[in-house]
Amino acid sequence: MKIATWNVNGVRARIEAIVAWIKASNPDIVCLQETKVIDKEFPLSQVEDLGYHAVLYGQKMFHGVAILSKLPMQNITYGLPGIQDDNQARYIEAVISPHQQIESTNMYNRPICIASLYAPNGNPIGSEKFLYKLSWMQHLEKHAKSKLASGGMFVMAGDYNIIPSHRDAQNPASWEQDALYHKSSKAAFRRLIYLGFVDAIRAVTDSDQAFTFWNYKSDSWRKNNGIRIDHILLSPSAADNLNFVGIEDLVRSWNKPSDHVPLWADLNLASCLVPHINHRYCLSR
DNA sequence: ATGGTTGCGTAGCAA
Numbered sequence: 034m035k036i037a038t039w040n041v042n043g044v045r046a047r048i049e050a051i052v053a054w055i056k057a058s059n060p061d062i063v064c065l066q067e068t069k070v071i072d073k074e075f076p077l078s079q080v081e082d083l084g085y086h087a088v089l090y091g092q093k094m095f096h097g098v099a100i101l102s103k104l105p106m107q108n109i110t111y112g113l114p115g116i117q118d119d120n121q122a123r124y125i126e127a128v129i130s131p132h133q134q135i136e137s138t139n140m141y142n143r144p145i146c147i148a149s150l151y152a153p154n155g156n157p158i159g160s161e162k163f164l165y166k167l168s169w170m171q172h173l174e175k176h177a178k179s180k181l182a183s184g185g186m187f188v189m190a191g192d193y194n195i196i197p198s199h200r201d202a203q204n205p206a207s208w209e210q211d212a213l214y215h216k217s218s219k220a221a222f223r224r225l226i227y228l229g230f231v232d233a234i235r236a237v238t239d240s241d242q243a244f245t246f247w248n249y250k251s252d253s254w255r256k257n258n259g260i261r262i263d264h265i266l267l268s269p270s271a272a273d274n275l276n277f278v279g280i281e282d283l284v285r286s287w288n289k290p291s292d293h294v295p296l297w298a299d300l301n302l303a304s305c306l307v308p309h310i311n312h313r314y315c316l317s318r
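Residues in the first sequence are numbered from 34 upward in steps of one, following our numbering.
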């Protein structure tokens, strides 16, 4: 199961590129961020024509997240749990794989929970926006901890707006006064890792060139002045089934690109098949 | 570089 994430910077401006990329990449699940559109104006028919279901959590002008999936989705959560009176559409979560029986066996697929998130940018440092970024990350940590407690497969994909380490920027020094690279931001990301998540990219490479974002300004793409701020975090049971990880960086060279590129992780869910349990006593870990 | 670019929506903010 190929799970992709892409901050598209405006789904209406990007729909042609999204359709072309989906046809080329054929993901099973797509987490979108910065759709910048209310739900009724989302270009739904164009993704449905490609065979995807969609769940949407958008708002006017800013932010906005969505999940597209070839399989139907259940138990949708709109907004990051625990944030009161949040007026920013930055989180949506859905459960996929409805315990389908595999043909002519008694094996079933385990459900997998997918989150599409768009964490706050937080600039400038010291502002209300910065405090909101750190607060939002605290709520994410709390929610993620409760999700891990179940032991089920959980994948958090999206734009975290955090550069985790010096390896994740072409020019780390230029980010030192930026909220994306502030020590409190990096600490918030590490706390997610400490919970037990696996950073999908770092499971497969130590490369210092694994960027997902290049600023529109100052010719950043041509100079490869990039950063890695889009991440796929895998719960332990999801990470156990990780096959491949990829960054579709060439999408950045397309006409009218987003400033972010798609990132994906492929899980071998065939190895996640579980027998249908009929026993009276069933031990879980 | 107190800048540089893009999307949304049509001024100026957010990134």
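Every residue, glycine too, gets a C-beta built ideally from N, C-alpha and C. Source: prediction; values computed, not measured.
Alpha-carbon to alpha-carbon, residue j and residue i
{"i": "Q92", "j": "E81", "result": "21 Å"}
{"i": "P153", "j": "E136", "result": "44 Å"}
{"i": "S317", "j": "N42", "result": "At S317, the pLDDT of 41 sits below 50, so the modelled position is not reliable; the number obtained from the coordinates is stated separately. Each residue's Cα considered, the two are about 42 Å apart."}
{"i": "G184", "j": "I226", "result": "16 Å"}
{"i": "Y141", "j": "K35", "result": "19 Å"}
{"i": "M51", "j": "V44", "result": "Note that residue 51 is Ile in the sequence shown here, rather than Met. Those two C-alpha atoms are separated by around 8 Å."}
{"i": "Q121", "j": "D241", "result": "32 Å"}
{"i": "L173", "j": "K219", "result": "14 Å"}
{"i": "R285", "j": "E161", "result": "32 Å"}
Those residues which DSSP pairs with residue i across a bridge
{"i": "L300", "result": "L275"}
{"i": "T110", "result": "E126"}
{"i": "W169", "result": "W169 pairs with nothing; no bridge assigned."}
{"i": "Y249", "result": "The partner list for Y249 (beta bridge, DSSP) is empty, contrary to what the question assumes."}
{"i": "H293", "result": "F246"}
{"i": "G259", "result": "W247"}
{"i": "I280", "result": "L296"}
{"i": "A202", "result": "I260"}
Enclosing beta strand (DSSP E) for residue i [first to last residue]
{"i": "A233", "result": "Unbroken run through A233: none, as it is neither H nor E."}
{"i": "K35", "result": "35–40"}
{"i": "S149", "result": "145–151"}
{"i": "M8", "result": "Outside the modelled stretch of the chain, which goes from 34 to 318, sits residue 8, for which no answer is possible."}
{"i": "I62", "result": "62–66"}
{"i": "H264", "result": "263–267"}
Assumed close pair residue i, residue j - CB separation to whole angstroms, cut-off 8 Å
{"i": "V98", "j": "Y90", "result": "5 Å"}
{"i": "V231", "j": "A272", "result": "4 Å"}
{"i": "P144", "j": "I129", "result": "7 Å"}
{"i": "T38", "j": "A202", "result": "The Cβ separation is near 19 Å, so there is no contact."}
{"i": "D292", "j": "N248", "result": "6 Å"}
{"i": "N40", "j": "E74", "result": "Not confirmed; about 19 Å, so no contact."}
{"i": "H215", "j": "I158", "result": "6 Å"}
Residue range of the unbroken alpha helix (DSSP H) whose run includes residue i
{"i": "L225", "result": "216–227"}
{"i": "I100", "result": "Careful: I100 lies outside any alpha helix (DSSP H), inside the beta strand (DSSP E) at 98–102."}
{"i": "A53", "result": "44–58"}
{"i": "N87", "result": "In the sequence as presented, Asn is not what sits at residue 87; that position holds Ala. Counting along the chain, A87 falls outside any alpha helix (DSSP H), though it belongs to the beta strand (DSSP E) covering 86–90."}
{"i": "S78", "result": "77–81"}
Given residue i as reference, the closest of the options once Cα atoms are compared
{"i": "Q107", "options": "V88, E281, F187", "result": "V88"}
{"i": "R200", "options": "L173, A221, A243, E174", "result": "A243"}
{"i": "A148", "options": "H176, Q171, W208", "result": "H176"}
{"i": "D234", "options": "C64, I262, D252, S286", "result": "The sequence given here has Ile at residue 234, not Asp. If we check each option's Cα against that of I234, I262 comes out closest."}
{"i": "P269", "options": "I51, Q117, A206, K180", "result": "K180"}
{"i": "L65", "options": "Y124, M94, A303, N59", "result": "Y124"}
{"i": "Q210", "options": "F222, F95, I195, N59", "result": "I195"}
{"i": "D299", "options": "S58, E49, L77", "result": "S58"}
{"i": "K103", "options": "M94, A127, D118, I116", "result": "A127"}
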